[in-house]
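Participant: Under numbering that gives the first Met the number 0, the sequence shown has 219 at position 220, and the numbering climbs by one with no breaks.
Even glycine gets a Cβ: it sits at the ideal position worked out from N, Cα and C.
No experiment lies behind these values; they were computed from the predicted model shown.
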Amino acid sequence: MAEFDLIGLIRERAATRADVLLGIGDDAALLQPPPGHALVVTADTLNEGVHFPAGTAAADIGWKTLAVNLSDLAAMGAKPAWCTLSLSLPRADAAWVGAFVDGFLDLAGRHGIALVGGDTTRGPLSIGVTAMGLVEQGAALRRDRARVGDDIWVTGTPGEAAGALVLGGHVPGPAPAGEVASSARAALDSRLARPTPRVEAGRALLGLAHACVDISDGLLADLGHVCARSGVGAEVRLDALPASAALREVFGDASRVLQATGGDDYELCFTAPANLREQVQLALEQVGVDASRIGRIVAGQGVRALEAQGQPWQPPRAGYEHFG
0 MAEFDLIGLI RERAATRADV LLGIGDDAAL LQPPPGHALV VTADTLNEGV HFPAGTAAAD
60 IGWKTLAVNL SDLAAMGAKP AWCTLSLSLP RADAAWVGAF VDGFLDLAGR HGIALVGGDT
120 TRGPLSIGVT AMGLVEQGAA LRRDRARVGD DIWVTGTPGE AAGALVLGGH VPGPAPAGEV
180 ASSARAALDS RLARPTPRVE AGRALLGLAH ACVDISDGLL ADLGHVCARS GVGAEVRLDA
240 LPASAALREV FGDASRVLQA TGGDDYELCF TAPANLREQV QLALEQVGVD ASRIGRIVAG
300 QGVRALEAQG QPWQPPRAGY EHFG
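#1: With distances taken Cα to Cα, identify the nearest neighbour of methionine 131 among Ala145, Ala113, Arg144 and Arg197.
#2: Determine the DSSP secondary structure at arginine 236, reduced to helix, strand or coil.
#3: Which of the three DSSP states is assigned to valine 297 in this structure?
#4: In whole angstroms, give me the CA-to-CA distance for leucine 29 and proline 157.
#5: So, with DSSP's three-state summary, where would you put leucine 187?
#6: Count the CB pairs spanning the segment 75–83 and the segment 161–171 that are closer than 8 angstroms, and state whether there are at least three.
#7: Distance check for alanine 220 and glycine 323, CA to CA, integer angstroms please.
#8: Can you tell me where the beta strand (DSSP E) with histidine 36 in it begins and where it stops?
#9: In this structure, what does DSSP give as the bridge partners for valine 134?
#10: Short of 8 angstroms in beta carbon distance, which residues of its chain neighbour valine 212, apart from the five on each side in sequence? Order them along the chain.
#11: Under 7 angstroms Cβ to Cβ from valine 147, same chain only, skipping five residues before and after it: list those, please.
#12: Grouping DSSP H, G and I as helix and E and B as strand, with all else coil, what is alanine 273?
#13: Three or more beta-carbon pairs under 8 angstroms between the segment 46–55 and the segment 102–113, yes or no?
#14: How big is the Cα-Cα spacing for leucine 305 and glycine 251?
#15: Looking at glycine 127 and serine 70, is the spacing between their C-beta atoms short of 7 angstroms?
#16: To the nearest angstrom, report how far apart leucine 72 and alanine 282 are at their CA atoms.
#17: Beta-carbon within less than 7 angstroms of valine 100's beta-carbon, same chain only, minus the 5 sequence neighbours each way: which residues are those?
#18: For alanine 239, which residues of its own chain have a beta-carbon under 8 angstroms away from its beta-carbon, when the five flanking residues on both sides are left out?
#19: In the structure shown, what three-state DSSP assignment does serine 243 receive?
#20: Run the CB neighbour count on alanine 244, radius 10 Å, all protein chains shown included, and call it buried at 16 or more, exposed below.
#21: Note down, in chain order, each residue of its chain lying with its Cβ closer than 6 angstroms to the Cβ of glycine 117, except the 5 sequence neighbours on either side.
#22: Rounded to a whole number of angstroms, what is the C-alpha to C-alpha distance between valine 153 and tryptophan 312?
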C-alpha cells in the first residue's frame, strides 16, 4: 500500500469528538480545549524487542501503545481527549495495520479519546503516541506533592506483567515454583499484552491523593521518582504488596521480587493523608478499582523496602533501566 492509503485506512475508522475542529488529513489538527481546564500532554514510544516481544499480535500492540499513554494521563488525574499516532513500519502491510487499529481504537473507544493525526514512515517497527487530556484547573495529580505521614497506596496487583516477561524468557527473574498451569500463564500474559490504564481511578483520586505516579518501570523505582520530586522518603512493607492468585501460583514466595521491581503493569502508586483512608477506599470502590495500603511517606530520602519484621530488604534492582 502507498503511505496515503495507509493513512486513509486509519482515518476512515477513527472516531472524532465535538471539540476536534479539524482532525486527520491536514498538516495539523485543530482542537478546542474547554475553559477552566489545563491541557495534559504525554508521549511514549514503543519499539519491537524492547517494549513488546517480536511476534506480538498487532491488535495487542495497538492496545498497549495507547494504554501506556492513557496510564500517564491517569497518573495526572486527567480525562483523555485527543491523541496522535506515528507508525514506523518495515513495509506497508494493510492487514497488520488493520489489526493494530482494531486494538488501538478498541481501547480509544472505551475512554472517549479521539485520534486526530500522526505520521507513517518506513523503518524498524516502532510506534509513538502523543496523548492529550484535560484536568480541572489546579487539580492535577503530581509527583511533587507527597507529604510526610501520607499513606502509600497501589492499585491492582503489580508484578503480573513482569511475571509474563520472565516466563517468556525476555528478562531475567525468579524461577517458577513448579509446573506452570496454562490458565495462570494466560492470566499473566494477558496483563502484559493488554494492561488496564487506571483512568477512572486517577479521576476519582482528585482532591484526595497528594501525589501519584504510574508503575511502568517498577514499583520501587517509580515511587522513588515521587520521593525525589517531593523531597521525602518512603517505607514499603513487602507483606502488604497485593499479589494475584496467578502470580502466587506460578512464583510462590518469589512473587515479591516481581511485585516490587517489575514494570509494565501500569497500575497507579499514590500517596494520600492517613485521615482520608475511608474516603480513598470508597472513591476507588465506586469506580471498580481495588487498592492496597503498602507503606508510608517518611522524612528523609529514597525508598526502603521492609520485611514483615521490619528488617530492610534489598531487591536485586529497583526497576527497569532504559539504558541499563
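Facilitator: The short version:
#1: Residue Ala113 is the option with its Cα nearest to methionine 131.
#2: strand
#3: DSSP, read as helix, strand or coil, puts valine 297 in strand.
#4: Whole-angstrom Cα-Cα distance: 38 angstroms.
#5: helix
#6: no
#7: Reliability fails at glycine 323, whose pLDDT of 48 lies under 50, so the model's placement of it is uncertain and the value that follows must be treated cautiously. Using only the alpha carbons, I get a separation of about 13 angstroms.
#8: 36–46
#9: Beta-bridge pairing links valine 134 to Ala37.
#10: Ala74, Arg142, Asp221, Leu222, His224, Val225, Leu267, Cys268 and Phe269
#11: Val231, Ile296, Val297 and Ala298
#12: helix
#13: no
#14: 18 angstroms
#15: no
#16: 18 angstroms
#17: Ile9, Arg12 and Gly61
#18: Ser291, Arg292, Ile293 and Gly294
#19: coil
#20: exposed
#21: Thr83, Leu84 and Ser85
#22: 19 angstroms
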